[in-house]
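Residue numbers (the numbering used here): 216 to 486.
A virtual CB, placed ideally from N, CA and C, is assigned to each residue, including glycine.
Single-structure report; data block below.
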């Protein structure tokens, strides 16, 4: 997750009448390839929301049978298909993945916000259930959720409305307001409506039978490890693992074994 750290460009953006919060939080990016170039194992899922045409992606389980579904939420500077390097190496052949793109990212139209991302998440899951000819409740019985950085917050707001089997938060902050103040200073507080509050969302999950795991790099320079530690202290029922020496953008490599263990599997590479 990257927050802009230049005050003058931000003020200029505000004068132009643009949303300072969106400017600070979201960094939409498009793909440099076409849908026709995707592997046959990656199925685009098309659906419409109030933001326009959206696309998420379903990565088929290698075994051909869906035993477990993971819904993945990327950070604000990433996109759904950036997860493919991870899913390609996932050791469990019976696992499929639903990769979420936010409005304005990838091939999707519109503008990202907590509300629009939640709508996309709900619609993508519902459309996948239709595509699989599965009842949504039945699909939820085998579904877990993972998010990185901002994606930890978008994953949590999605999970809090349902009952996933497992939730894995990688490099999470406590709240949007807290991370904004940490990086830019207390002055930014009035500009943030705190649409992502992971403390509130975790409280909502506290009384549910959800296995929740937090993984944070000790050397994270974007979302400092203090945030992960604070979440673990306030919610001791959540499993907390710290990856020594891992930064924000290398945690999925340096912390691969830890993350896979949090997902309930081993670190053996797929064949």
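Which value, in whole angstroms, describes the spacing of the CA atoms of residue 307 and residue 401?
The straight-line gap from Cα to Cα measures roughly 45 Å.
Applying the criterion that 16 or more other CB atoms from any shown protein chain within 10 Å of the CB defines a buried residue, is residue 224 buried or exposed?
Because the pLDDT at residue 224 is just 38, under 50, the model does not fix this residue reliably, and the point stays unresolved.
Less than 8 Å separating the beta-carbons of residue 272 and residue 296?
Residue 272 places its beta carbon less than 8 Å from that of residue 296.
Inside the segment 442 to 471 only - alpha helix (DSSP H) runs reaching at least 4 residues:
Runs found: 466 to 469.
Throw me the rounded Cβ distance for the residue 450 and residue 419 pair, which I believe falls under 8 Å.
The C-beta distance from residue 450 to residue 419 rounds to 11 Å, too long to meet the 8 Å contact threshold.
Relative to the alpha-carbon of residue 428, which residue among 439, 380, 312, 395 has its alpha-carbon at the smallest distance?
With distances taken between Cα atoms, residue 428 lies closest to 380.
With a threshold of 16 other CB atoms inside 10 Å of the CB of residue 266, please say whether the residue is buried or exposed.
Buried is the call here.
Between residue 382 and residue 374, how many whole angstroms is the CB-CB distance? I'm expecting something under 8 Å.
Indeed they touch by this definition, with Cβ atoms about 5 Å apart.
Measure the C-alpha to C-alpha separation of residue 248 and residue 322 and round it to an integer number of angstroms.
Note on geometry: alpha-carbon atoms of residue 248 and residue 322 lie some 10 Å from one another.
Who pairs with residue 278 in a beta bridge, going by DSSP?
Beta-bridge annotation (DSSP): residue 278 is not paired with any residue.
Looking at residue 446: is its Cβ nearer than 8 Å to the Cβ of residue 240?
Their beta carbons are not under 8 Å apart, which means residue 446 does not touch residue 240 by this criterion.
Which ranges does the beta strand (DSSP E) cover as unbroken runs of at least 3 residues, wholly within the segment 235 to 308, from first to last along the chain?
You should have 257 to 264, 267 to 274, 283 to 288.
Can you grab the Cα-Cα spacing for the pair residue 413 / residue 290, in whole Å?
Approximately 15 Å between the Cα atoms of the pair.
Mark residue 362 as exposed unless 16 or more other C-beta atoms lie within 10 angstroms of its C-beta, in which case mark it buried.
By the neighbour-count rule (16 or more Cβ atoms within 10 Å), residue 362 is buried.
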